[in-house]
Structures are given as structure tokens and as C-alpha cells.
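Residues in the first sequence are numbered from 215 upward in steps of one, following the working numbering.
The C-beta atom is built at its ideal place from N, Cα and C for all residues, glycine as well.
Quick caveat, the model's predicted, so the values are computed rather than measured.
Taking it in order: structure first as C-alpha cells, then the write-up.
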Amino acid sequence: MKIFDTLSVTEKELDTSNGVRIYLCGVTVYDDSHIGHARTIIVFDTLRRFLESQGIKVKFIQNFTDVDDKIINRAVSESTSADKISSRYISNYFTEFDHLNVKRADMYPKATEHIESMIDLIKTLIEKGFAYVSTNGVYFSVSKFHDYGKLSKKKIDELVSGARVEVDDTKKDPLDFALWKFADDEPRWQSPWGAGRPGWHIECSAMSLKYLGTDFEIHGGGRDLIFPHHENEIAQSESYSGKNFAKIWMHVGMVTIGGEKMSKSLGNTKSVDFVLKKWGANIIRLFCLAGHYSKPIDYAEDMLKETITKWRQVENCYYELILSGEGPADSKDIESIEKIVTETKKEFFDSLNYDFNTSLAIGAFFKLVKATNQIAASERLTKPISDLVLPVLEQMLDVLGLKISKVTEEERKKIHALIDKRNLLRSEKKFQEADAVRKELSDAGIMLTDHKNKVLWIKQEKIGDGI
RNA sequence: GGUGAGGUGGCAGAGCGGCUAUGCGUUCGCCUGCAAAGCGAAUCUAUAGGGGUUCGAAUCCCUUCCUCACCUCCA
């Protein structure tokens with residue numbers, strides 16, 4: 215598989231020979247997650263599902279930043295503890311991302327639980343001369359790391375003249391960043407240099423090193439983390455270990471709204487909770503995967519609405535397949551569907567293999583859906599055809615993390631009973647009563663399609679609230 | 001100002017030297033007792049402007065214009 219690597223600015227072959235280790239920078243838990251966070255996480259979740267579908271062992275680590283000024287500020291404004299704030303939003307995170315059908319990572323390390331590792335790392339950095347203690351904390355000396363700027367393609371002298379660097383006389387160089395900040399208030403931890411809190415960047419260095427070692431396969435996050443976060447992580451980690459930090463740096467484009475980046479500071483966010491209620495997990499996932507991961511996507515309601523139409527086609531396809539009748543299939547149909555299944559499957563996986571092009575993969579997926587629906591529409595979809603299509607369709611659904619709404623066995627019996635009842639009424643030309651039965655079913659989310667020889671039912675996902 | 005990524009039909013979005021995806025939308029049909037869904041057909045020949053290279057460019061080069069992101073916390 216090839217993935218575009220931000221560092222080398224090339225498509226790099228992913229080494230899967232010893233499994234794939236992935237570290238994804240997660241969220242700072244001081245507020246609700248929004249669809250921007252969700253996109254990055256969905257992209258990586260899908261990547262992970264794809265790799266696993268290829269029989270590759272994946273070790274997936276995603277952190278929670280649970281020590282941060284924003285958390286503390288929030289705690290102060292709510293007169294509670296930082297710990298309460300972060301645990302609340304971690305709990306929310308799991309509720310929301312479980313709903314988004316995001317597979318749980320192998321581990322969700324928290325910064326607060328890895329203070330010791332961070333201190334060890336800082337100790338070594340000081341010993342090696344890459345870091346120094348000042349009156350406000352411990353700083354990393356950027357000038358000591360000669361590759362500084364290699365990820366973000368920034369020149370050190372340009373950064374200095376950039377004027378946006380925080381002025382702090384206690385630092386040797388304005389570019390130096392904090393590894394440890396002394397603090398008088400809670401939360402704080404003891405360290406050899408004085409009580410305080412870790413800097414933001416050091417946590418990812420410490421936790422990725424602890425769980426994935428050096429030179430692991432993929433380090434990822436949103437594009438906005440390239441500088442300074444990932445640049446600084448590289449500086450710390452490589453200065454510490456003397457080894458390459460990560461093989462591939464994979465960055466996900468921003469979600470925009472009205473063409474502008476969605477962010478807390480601009481106040482234009484759509485929370486995961488909100489979009490889940492409005493669109494549901496399948497629509498959100500399809501939306502997040504509709505374009506290439508590296509490019510921005512715009513949160514536009516019209517597009518989301520269109521996605522609903524497409525999702526209905528998938529539901530239709532799925533139920534046509536699982537409810538297909540017994541009976542022989544035309545050998546020509548078998549032949550053509552075999553061809554389509556083979557082709558779309560190849561296209562689907564080839565697309566993902568080449569820089570994870572989900573846009574093309576989804577295109578292949580819909581080709582299969584469409585071909586199936588065509589056969590169904592012409593009343594020729596029988597079990598032998600379904601047996602060919604269904605496993606592949608389910609595999610694709612699984613990789614994309616899409617979930618068809620299903621019914622219980624009990625509901626199924628009830629549905630069949632009502633369909634029988636309606637059929638009887640229809641045969642007696644009691645259409646009004648028949649329509650009442652149909653209404654009863656549709657109110658329960660069961661849509662009917664009258665085929666020539668049978669009635670197809672579909673459990674439709676309920677989407678949106680007065681869109 | 002610096003750096004990076006882009007500008008493709010009404011919209012979304014691939015292609016990254018030749019065969020100009022795909023989807024949505026729109027229109028008209030089919031199916032149906034009716035409806036919804038689904039299906040079919042039609043519609044749309046698009047590649048920011050200007051130069052070049054080439055037998056041939058959306059695809060390569062130059063240039064102009066525009067957009068976005070990063071350069072501060074950010075997924």
C-alpha cells in the first residue's frame with residue numbers, strides 16, 4: 215500500500231511485513247468533539263479496517279490530552295476539577311464515537327497517566343544537551359536539532375522573523391518550546407526541576423515511544439498539527455532516541471464550513487452529537503470519506519442530503535440480497551454479476567491501496583450496489599446471485615464502517631405477518647385497508663416494494679429530524 | 001510576507017500526456033391498484049486566464065489571477 219508522506223512529500227510504500235503500528239493524535243478533552251475531529255478519526259478508523267481486511271495486524275494507539283490549560287480554564291469556570299472535566303469529555307467521546315461505529319483503538323493512553331515517562335524523556339534530553347532548565351520550566355532548544363523544520367518545511371530564521379512567536383525572556387531562543395512548565399496550581403506533578411505540568415508535545419513523544427517504539431509505521435493527525443505539534447514531536451523524539459520517529463506522516467485535511475476551517479476559535483463547529491442526531495453515523499462516514507482524505511471537505515447540508523439518497527440505495531440493495539428468493543438464475547446473469555463483483559472488488563481495494571483513495575473506493579462500492587439493484591429491478595435477483603454479491607458487499611460495508619439497520623427475528627415475523635395481511639387485502643382489492651397496513655409498517659421504518667412475485671421489505675434507517 | 005495544497009460540467013468528485021470516470025441534480029419514461037423506493041433513457045462535453053513543449057494536455061513547463069491551510073491553541 216502507498217500512502218502520501220508529509221515528511222518526504224512522496225507516496226511511500228507502507229511496510230506491512232511486521233504489522234502496522236499507528237499513532238493518531240487524539241483530542242484534548244475540554245469540550246465536545248466536532249465533525250472536524252470526527253473526520254480525522256473516521257479516516258484512520260477506515261484505514262485500520264482496510265488494513266485488517268487485508269490480514270494485516272494493526273496496533274492502533276490514540277491518545278487523550280487530559281492536561282492542558284483549556285481544561286483547567288474550563289474547570290475554573292465551572293468551579294470543578296480538571297479531572298472532572300476531562301473524564302466527562304472522555305466519556306462523551308466514547309459514546310459519540312461508538313455511535314459513529316469507530317472501532318476502539320488498542321489503547322487510549324492519557325497524558326496524566328504517563329507523567330513518569332515524560333519526565334524520563336526530558337531527563338535524557340537535558341543530559342544530551344537538547345533541553346535546558348529556565349525559570350519558567352524546561353525548554354527544548356530548537357537550534358540543537360538540526361533537522362528542525364523538516365516536516366513543516368519551515369526555515370528556522372523565517373520562523374523567528376515571523377513575529378508570532380511568544381516573547382519570553384527566560385527562553386534562550388524564542389523558538390524553544392516547553393517540555394515542562396512550572397506551576398503553582400493544580401493539577402501539577404513533582405519533577406526533578408520543580409512541580410509543574412508537561413508541555414503538550416512531549417506527551418505524544420512519550421506515549422508513542424512507550425507503546426510503539428521508534429520508527430513505527432504511521433503517525434497521523436489533522437493537517438493543522440503539522441506545525442508546531444508534529445514538528446516538535448520529531449525534534450524531541452529523534453533527539454532522545456537518535457532514531458527515526460515514524461516512517462510515514464499521514465495528515466487529514468480540514469473540515470470547512472462555508473469554505474472556512476471549522477474550529478472552536480471561529481465558533482463555527484458542528485458537534486458530533488449534533489451531526490449524529492441530524493444525519494446518523496452512516497451518512498457522516500460516507501460524507502467524511504467522500505473526498506480524498508488529504509483535501510479539505512466542506513460541511514454543506516445539500517451534500518449530506520444527497521448522501522441520504524445514496525444510502526437508501528445501499529439499504530435497498532442489501533435487503534434485495536438477503537431476501538432474495540430461491541430459484542435458478544440465468545447463466546448469463548451469473549456470468550455478468552461474477553464479472554461485476556470481481557471488478558468492483560478489485561477496484562475497491564486497489565483504490566484504497568493507492569494512497570487510500572476512499573473516493574474511488576466508494577465509487578466502486580456504489581457500482582456494485584447499482585448493478586445489484588438493476589438486476590433486482592428486473593425481477594431476476596435470486597439466491598445464486600445473492601450468494602455471489604452479498605459477501606463482497608458486506609466486506610465493503612465493513613471496511614467503510616457502514617451499518618445497515620436490521621430487525622430482530624420477532625420483528626421479522628411481525629413484518630411478514632403484516633405483509634401477508636396486506637397481500638390478502640390487495641387481492642381483495644381493499645386498497646384503503648392495504649394502504650393502512652403499509653402505513654403501519656412505514657411508521658415502524660419498514661418500507662415495502664411491490665415486486666411482481668413478492669413484496670420486498672426494507673428496514674430504513676431513520677435519518678434526520680425535519681431536515 | 002514565507003511555506004504548502006488547490007482551482008475540473010448546476011453541484012460533489014476522480015483522472016495527472018491520447019480512449020474526456022462516477023455520483024447527485026434536472027427532464028421524460030418503466031414498474032405499481034396507488035405511492036414510495038428502485039430501474040431505464042435523455043440532459044451536461046467541463047477542465048481559472050494567457051503563453052509554451054508535444055503529432056496530441058485537464059494532465060508537463062512558464063506566467064497571471066483566485067481560493068484554502070499553516071506560520072498562535074487547534075483534528
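Mapping the DSSP letters down to three states, classify residue i as helix, strand or coil.
i           : result
residue 303 : helix
residue 622 : coil
residue 349 : coil
residue 370 : helix
residue 593 : coil
residue 577 : helix
residue 558 : helix
residue 411 : strand
residue 630 : helix
residue 669 : strand
residue 392 : strand
residue 221 : coil
residue 664 : strand
residue 532 : helix
residue 359 : coil
residue 321 : strand
residue 385 : coil
residue 584 : helix
residue 680 : Its pLDDT being 43, under 50, residue 680 is placed unreliably in this model, and the coordinates cannot settle the point.
residue 647 : helix
residue 553 : helix
residue 570 : coil
residue 344 : coil
residue 617 : coil
residue 546 : helix
residue 653 : helix
residue 431 : strand
Closest to residue i by C-alpha separation, out of the options, would be which residue?
i           : options            : result
residue 260 : 529, 395, 614      : 614
residue 339 : 448, 519, 298      : 448
residue 444 : 672, 465, 497, 456 : 465
residue 473 : 509, 453, 454      : 509
residue 431 : 352, 537, 262      : 262
residue 383 : 362, 408, 363, 351 : 351
residue 548 : 595, 219, 537      : 595
residue 410 : 395, 362, 577, 488 : 395
residue 247 : 276, 462, 488, 540 : 488
residue 222 : 462, 414, 556      : 462
residue 497 : 515, 412, 293      : 515
residue 254 : 634, 512, 437      : 437
residue 220 : 625, 673, 460, 454 : 460
residue 529 : 583, 499, 550      : 583
residue 571 : 257, 231, 249      : 257
residue 433 : 218, 348, 370, 652 : 218
residue 416 : 337, 370, 368      : 337
If you drop the 5 nearest sequence neighbours on each side, which residues of the same chain put their C-beta closer than 7 Å to that of residue i?
i           : result
residue 420 : 328, 331, 332, 335
residue 678 : 492, 493
To which residues of the same chain is residue i closer than 6 Å at the C-beta, ignoring the five residues directly before and after it?
i           : result
residue 300 : 243, 280, 285
residue 271 : 233
residue 663 : 670
residue 604 : 535
residue 567 : 215
residue 647 : 639
residue 347 : 407
residue 455 : 428
residue 486 : 247, 252, 310
In chain order, what residues of the same chain lie with their CB nearer than 8 Å to the CB of residue i, ignoring the 5 residues before and after it?
i           : result
residue 439 : 239, 465
residue 593 : 665, 666, 667
residue 424 : 323, 328, 331
residue 552 : 602
residue 561 : 574, 575, 577, 578, 581
Please report the Cβ distance between residue i and residue j, rounded to the nearest whole angstrom; I am assuming they are in contact, meaning their Cβ atoms lie under 8 Å.
i           : j           : result
residue 241 : residue 278 : 7 Å
residue 644 : residue 580 : Rounded, the Cβ-Cβ distance is 39 Å, inconsistent with contact.
residue 599 : residue 589 : 6 Å
residue 325 : residue 412 : 7 Å
residue 607 : residue 531 : 7 Å
residue 235 : residue 426 : 4 Å
residue 660 : residue 676 : Not a contact, Cβ separation roughly 11 Å.
residue 484 : residue 304 : Between residue 304 and residue 484 the Cβ distance is about 21 Å, and since that is not below 8 Å, they are no contact.
residue 475 : residue 468 : 5 Å
With a threshold of 7 Å, establish whether the CB of residue i neighbours any heavy atom of the ligand NAD.
i           : result
residue 652 : With respect to the ligand NAD, the structure offers nothing, as it holds no ligand at all.
*Which runs of the beta strand (DSSP E) spanning at least 3 residues fall entirely within the stretch 225-297, listed in chain order?*
234-238, 272-276
*At 3 residues or longer, and completely inside the stretch 444-528: list those beta strand (DSSP E) runs for me, N to C.*
460-466, 469-471
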